[in-house]
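Those protein sequence lines, which keep their order, are chains A and B. Position 72 of the first sequence, counting from 1, maps to 72 under the UniProt record's numbering, and the rest follow consecutively. Position 194 of the second sequence, counting from 1, maps to 194 under the UniProt record's numbering, and the rest follow consecutively. Where a beta carbon is used, it is the ideal one built from N, C-alpha and C, also for glycine. These figures come from a predicted structure and were not determined experimentally. First up is the structure itself, then whatever we jot down about it.
Protein chains: 2
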Amino acid sequence: MPSVSPYDNMTPVVRAAYRARAAAADLAPLPRAVKDDALLAIADALEVRTREIVEANAEDVAAAREAGTAESVVDRLTLTPERVRAIAADVREVVVLPDPVGEVVRGSTLPNGLDLRQVRVPLGVVGIIYEARPNVTVDAAALCLKSGNAVLLRGSSSAHRSNTALVRVLRDAVGGAGLPADAIQLVPGENRESVRELMRARGLVDVLIPRGGASLIRTVVEGSTVPVIETGTGNCHVYVDAEADLDMAVDILVNSKAQRPSVCNAAETLLVHQDIADAFVPRALDALAEAGVTVHADQRLLPYAEGTKATVVEATVEDWETEYLSYDIAAGIVDSLEQAVEHIRLWSSGHTEAIVTTSQRTARRFTQLVDSTTVAVNASTRFTDGSQFGFGAEIGISTQKLHARGPMGLPELTSTKYILTGDGHTRG
Amino acid sequence: MPSVSPYDNMTPVVRAAYRARAAAADLAPLPRAVKDDALLAIADALEVRTREIVEANAEDVAAAREAGTAESVVDRLTLTPERVRAIAADVREVVVLPDPVGEVVRGSTLPNGLDLRQVRVPLGVVGIIYEARPNVTVDAAALCLKSGNAVLLRGSSSAHRSNTALVRVLRDAVGGAGLPADAIQLVPGENRESVRELMRARGLVDVLIPRGGASLIRTVVEGSTVPVIETGTGNCHVYVDAEADLDMAVDILVNSKAQRPSVCNAAETLLVHQDIADAFVPRALDALAEAGVTVHADQRLLPYAEGTKATVVEATVEDWETEYLSYDIAAGIVDSLEQAVEHIRLWSSGHTEAIVTTSQRTARRFTQLVDSTTVAVNASTRFTDGSQFGFGAEIGISTQKLHARGPMGLPELTSTKYILTGDGHTRG
Numbered sequence: 001m002p003s004v005s006p007y008d009n010m011t012p013v014v015r016a017a018y019r020a021r022a023a024a025a026d027l028a029p030l031p032r033a034v035k036d037d038a039l040l041a042i043a044d045a046l047e048v049r050t051r052e053i054v055e056a057n058a059e060d061v062a063a064a065r066e067a068g069t070a071e072s073v074v075d076r077l078t079l080t081p082e083r084v085r086a087i088a089a090d091v092r093e094v095v096v097l098p099d100p101v102g103e104v105v106r107g108s109t110l111p112n113g114l115d116l117r118q119v120r121v122p123l124g125v126v127g128i129i130y131e132a133r134p135n136v137t138v139d140a141a142a143l144c145l146k147s148g149n150a151v152l153l154r155g156s157s158s159a160h161r162s163n164t165a166l167v168r169v170l171r172d173a174v175g176g177a178g179l180p181a182d183a184i185q186l187v188p189g190e191n192r193e194s195v196r197e198l199m200r201a202r203g204l205v206d207v208l209i210p211r212g213g214a215s216l217i218r219t220v221v222e223g224s225t226v227p228v229i230e231t232g233t234g235n236c237h238v239y240v241d242a243e244a245d246l247d248m249a250v251d252i253l254v255n256s257k258a259q260r261p262s263v264c265n266a267a268e269t270l271l272v273h274q275d276i277a278d279a280f281v282p283r284a285l286d287a288l289a290e291a292g293v294t295v296h297a298d299q300r301l302l303p304y305a306e307g308t309k310a311t312v313v314e315a316t317v318e319d320w321e322t323e324y325l326s327y328d329i330a331a332g333i334v335d336s337l338e339q340a341v342e343h344i345r346l347w348s349s350g351h352t353e354a355i356v357t358t359s360q361r362t363a364r365r366f367t368q369l370v371d372s373t374t375v376a377v378n379a380s381t382r383f384t385d386g387s388q389f390g391f392g393a394e395i396g397i398s399t400q401k402l403h404a405r406g407p408m409g410l411p412e413l414t415s416t417k418y419i420l421t422g423d424g425h426t427r428g
Numbered sequence: 001m002p003s004v005s006p007y008d009n010m011t012p013v014v015r016a017a018y019r020a021r022a023a024a025a026d027l028a029p030l031p032r033a034v035k036d037d038a039l040l041a042i043a044d045a046l047e048v049r050t051r052e053i054v055e056a057n058a059e060d061v062a063a064a065r066e067a068g069t070a071e072s073v074v075d076r077l078t079l080t081p082e083r084v085r086a087i088a089a090d091v092r093e094v095v096v097l098p099d100p101v102g103e104v105v106r107g108s109t110l111p112n113g114l115d116l117r118q119v120r121v122p123l124g125v126v127g128i129i130y131e132a133r134p135n136v137t138v139d140a141a142a143l144c145l146k147s148g149n150a151v152l153l154r155g156s157s158s159a160h161r162s163n164t165a166l167v168r169v170l171r172d173a174v175g176g177a178g179l180p181a182d183a184i185q186l187v188p189g190e191n192r193e194s195v196r197e198l199m200r201a202r203g204l205v206d207v208l209i210p211r212g213g214a215s216l217i218r219t220v221v222e223g224s225t226v227p228v229i230e231t232g233t234g235n236c237h238v239y240v241d242a243e244a245d246l247d248m249a250v251d252i253l254v255n256s257k258a259q260r261p262s263v264c265n266a267a268e269t270l271l272v273h274q275d276i277a278d279a280f281v282p283r284a285l286d287a288l289a290e291a292g293v294t295v296h297a298d299q300r301l302l303p304y305a306e307g308t309k310a311t312v313v314e315a316t317v318e319d320w321e322t323e324y325l326s327y328d329i330a331a332g333i334v335d336s337l338e339q340a341v342e343h344i345r346l347w348s349s350g351h352t353e354a355i356v357t358t359s360q361r362t363a364r365r366f367t368q369l370v371d372s373t374t375v376a377v378n379a380s381t382r383f384t385d386g387s388q389f390g391f392g393a394e395i396g397i398s399t400q401k402l403h404a405r406g407p408m409g410l411p412e413l414t415s416t417k418y419i420l421t422g423d424g425h426t427r428g
């Protein structure tokens with residue numbers, strides 16, 4: 001057979017993708033036990049080679065400090081021996097998760113006697129583009145390996161030495177376990193051109209998952225010909241209904257906003273039904289003030305600030321669309337459930353919206369009308385999370401509707417294929 | 001609340017998408033019975049207003065003939081009263097299919113007592129870009145309506161009068177049934193700019209499904225910021241193993257290639273294991289000749305043509321990647337199952353590949369190693385089809401791995417959302 005390859009004259013990024021593709025073909029049919037052994041080898045290697053990892057990381061940390069990086073970012077970049085041990089423990093948790101590959105999603109015998117089965121298969125090559133946290137390097141590699149995928153990792157240049165050390169350890173462990181080391185690769189090149197090449201590697205890379213700030217995600221979504229799963233932007237709402245339990249509403253509001261304001265499932269806007277505003281808003285404002293939250297209030301809510309401890313500023317239109325990720329919340333009063341739903345439809349990023357109500361009918365209507373990855377009834381927005389949902393680790397939270405929506409676990413890293421078995425069946 | 005809309009200064013296409021979005025929000029919570037009544041109203045209206053449809057179509061057909069359009073294309077464009085009745089009957093078949101919306105995909109009670117359910121919801125606004133066949137207009141509208149989606153239809157200008165008449169009938173029927181007529185819209189404008197606007201309407205349109213030739217699909221895949229489901233390209237393979245039943249192999253080969261060569265699940269390449277070549281290839285060449293098929297043979301297969309009735313030409317590299325859609329097939333001899341798999345990985349479009357073998361072990365290995373939407377064992381490639389698979393109608397056959405793979409029925413027109421129900425749960 002002619003053996004001309006369509007992959008001649010490859011750039012380093014395309015070559016990496018091509019090697020990942022070959023590795024993915026080898027990984028796809030592997031049974032769970034083989035993949036789990038490789039994961040255990042990874043966890044062991046991370047512990048044995050902690051010093052090598054921490055030393056490389058120290059160089060990244062020193063360079064970041066020298067460049068005047070904010071201390072919160074430096075903290076996220078830093079790996080200590082304890083943190084490396086925690087990362088190894090996370091890998092061991094992936095070992096105990098069920099393998100999604102091979103799961104029969106549906107199956108039947110067709111009227112003509114053909115047996116039809118739809119089974120889960122790996123996606124193939126998964127590209128992850130992410131920012132400073134080096135723990136993502138290991139988490140993503142472990143989840144991709146468990147689901148039979150090869151992974152191309154494109155971390156930020158600020159973590160390049162850390163990621164290089166980590167990937168060296170991962171590849172050695174995977175190779176030592178008899179699997180292709182090319183199943184885990186750092187994308188070569190630290191410049192933007194290499195990201196662009198990755199985004200254009202349609203046919204070689206099966207999906208790109210950007211993890212990080214809104215601008216990174218927008219760049220990938222708009223510039224990529226490889227299919228992208230959009231993650232992470234969370235403009236989440238808490239709606240306090242006319243028939244809410246007020247104590248519960250205060251608890252859920254404060255927890256949604258202030259328990260960890262820097263994450264995507266933190267609440268960014270409070271909507272209050274007008275019939276309960278007098279009773280609820282002053283209490284809510286005091287509780288938010290206590291938690292250190294500044295309230296960006298609309299015209300109707302603003303007057304309630306008088307006599308409370310609240311720090312209040314007047315809201316502008318921009319506030320409705322802002323994902324603060326800080327101790328700030330937009331707040332307004334609505335006439336009805338329908339007006340709350342309309343506001344959410346217009347401004348929400350579709351991540352998570354919560355309602356607080358004692359009315360079964362209102363709860364049902366809210367969950368029917370609101371179209372977000374997660375609709376919470378009498379629960380904090382903060383629960384939208386792979387480990388909270390019982391999926392084990394998560395590779396990100398999809399805010400799009402195609403393929404995966406909400407926290408993505410191992411099954412979301414798979415596709416399916418149909419297997420059709422007959423005895424010489426032909427179509428008439 | 002401030003009521004500034006982000007949709008000011010809209011072009012006609014964006015306005016259509018915005019109206020579709022509003023209609024989609026109304027459709028999403030509708031129960032099945034309401035949607036089925038609207039579908040029945042559509043079927044009735046198509047029958048009652050057949051003359052209006054056929055007359056508009058006659059103008060398109062006359063214009064196409066005048067423009068010198070190939071008769072096969074004119075035939076696909078033509079609507080007769082019988083064909084309109086058949087289209088109405090197809091709509092009634094959608095009525096009897098189960099509604100995917102509301103299906104609980106998974107659910108559990110979390111350790112903290114929260115109830116978690118993942119339920120199917122409509123995608124929202126589905127855009128279909130398609131070529132000459134006006135029956136797609138009705139099929140797509142019916143499937144989208146049943147699954148609670150609004151649809152934006154962008155047919156070819158050669159079918160514009162037919163599509164305008166059909167969509168008028170559909171909208172009247174839907175409106176008469178009390179549902180928003182804007183759930184079904186033709187994309188305004190017949191020029192390419194309107195297609196481009198549709199492809200850029202990210203955030204308004206949830207998915208684009210191109211149906212038609214390879215060049216249309218490539219244009220949409222490469223130019224769209226709206227997520228796309230790639231459909232239809234089928235470079236399908238039949239592999240005849242060393243341990244094949246020869247009668248079965250001939251039947252499956254001829255059926256896969258020649259039963260209907262113009263469709264995407266027809267076979268385009270034959271691969272034969274060397275150990276069975278002497279016994280099989282002459283018979284296969286005679287059978288293909290009988291069916292009117294020209295064989296594009298590689299160097300090893302070419303000599304077998306002597307003494308057969310075959311029309312044979314020498315294959316070039318291009319033949320391995322060609323989707324002929326005609327009475328042509330590429331053919332080659334391979335050393336092993338592994339070489340067949342390698343050839344398929346390199347050249348297949350990942351639609352459907354068939355193996356003919358009596359060996360359970362070989363069948364298992366082929367289905368493990370080949371990664372296509374459908375892998376057929378001892379069955380024709382022609383079975384990859386929504387109605388053959390028992391899904392009722394299909395909106396297309398996805399050849400990508402994300403979201404949907406293979407024939408797409410109603411569930412593939414949905415996303416999911418999580419509903420989380422608690423008693424005031426907060427995260428610690």
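- Between the beta-carbon of residue 234 of chain A and that of residue 265 of chain A there is about 6 Å, and that keeps the pair under the 8 Å contact cut.
- Put simply, the region 61-68 of chain B does not touch the region 401-411 of chain A. Fewer than three CB pairs are less than 8 Å apart.
- DSSP places residue 191 of chain A in the coil class of the three-state scheme, outside both helix and strand.
- The region 347-355 of chain A and the region 303-314 of chain A do not touch, with fewer than 3 CB-CB distances between them shorter than 8 Å.
- Residue 86 of chain B and residue 219 of chain B have their C-alpha atoms some 32 Å from each other.
- The three-state reading of DSSP puts residue 35 of chain A in helix, counting H, G and I together.
- Annotation: Cβ neighbours of residue 259 of chain B in chain A (cutoff 7 Å, chain order): 427.
- Taking a C-beta distance under 8 Å as the contact criterion, residue 28 of chain A and residue 121 of chain A qualify as a contact pair.
- Between the C-alpha atoms of residue 200 of chain B and residue 362 of chain B there is a straight-line separation of about 46 Å.
- Within chain A, the residues placing a beta-carbon under 7 Å from that of residue 403 of chain B are 402, 403, ordered along the chain.
- A straight line joining the alpha-carbon of residue 155 of chain A with that of residue 135 of chain A spans about 11 Å.
- Taken in chain order, the complete alpha helix (DSSP H) segments of 4 or more residues contained in the region 71-129 of chain A are 71-77, 81-96.
- With three or more CB-CB distances shorter than 8 Å, the region 35-46 of chain A counts as touching the region 138-148 of chain A.
- For residue 409 of chain A, the three-state secondary structure derived from DSSP is coil.
- CA-CA distance, residue 14 of chain A to residue 413 of chain A, rounds to 22 Å.
- By the beta-carbon neighbour count (other beta carbons within 10 angstroms, threshold 16), residue 162 of chain B is buried.
- Residue 211 of chain A and residue 399 of chain A have their C-alpha atoms roughly 12 Å apart.
- Beta-carbon to beta-carbon, residue 293 of chain A and residue 329 of chain A are separated by about 6 Å, close enough to satisfy the 8 Å threshold.
- Taking a Cβ-Cβ cut-off of 9 Å, the neighbours of residue 28 of chain A in chain B comprise 368, 369, 371, given in sequence order.
- Residue 236 of chain B: member of the beta strand (DSSP E) spanning 236-240, first to last residue.
- Segment contact: the region 100-115 of chain A against the region 172-192 of chain A, fewer than three CB-CB distances shorter than 8 Å; contact not assigned.
- The C-alpha of residue 345 of chain B is placed about 20 Å away from the C-alpha of residue 257 of chain B.
- Of the residues assessed, residue 281 of chain B falls on the buried side of the cut-off, its CB having 16 or more other CB atoms within 10 angstroms.
- Annotated three-state conformation of residue 57 of chain B is helix, per DSSP.
- For the beta strand (DSSP E) assignment, the uninterrupted runs of no fewer than 3 residues enclosed by the region 371-428 of chain B are, from N- to C-terminal side, 374-379, 396-398, 406-408, 414-425.
- Using beta-carbon distances, residue 382 of chain B counts as an interface residue toward chain A, with a partner under 8 Å.
- In the DSSP assignment, residue 312 of chain A falls within the unbroken beta strand (DSSP E) covering 311-314.
- Taken atom to atom, the span from the alpha-carbon of residue 19 of chain B to that of residue 417 of chain B is near 23 Å.
- When C-beta distances to chain A are compared with 9 Å, the residues of the region 202-229 of chain B below that value are 202, 206, 207, 221, 222, 225, 227, 228, 229, in chain order.
- The beta-carbon of residue 399 of chain B is placed no less than 8 Å from the nearest beta-carbon of chain A.
- Under a 10 Å Cβ-count criterion, residue 378 of chain A is classified as buried, with 16 or more other Cβ atoms of the shown protein chains found around its own Cβ.
- Here residue 191 of chain B is exposed. Its C-beta has fewer than 16 other C-beta atoms within 10 Å.
- Residue 9 of chain B does not reach chain A, its nearest Cβ partner there being about 16 Å away, counting only Cβ pairs nearer than 7 Å.
- In this structure, DSSP gives residue 231 of chain A an extended state, which the three-state scheme calls strand.
- For the region 28-48 of chain B, the set of positions with a beta-carbon nearer than 9 Å to some beta-carbon of chain A reads 28, 29 in chain order.
- At least one C-beta of chain B is nearer than 8 Å to the C-beta of residue 422 of chain A.
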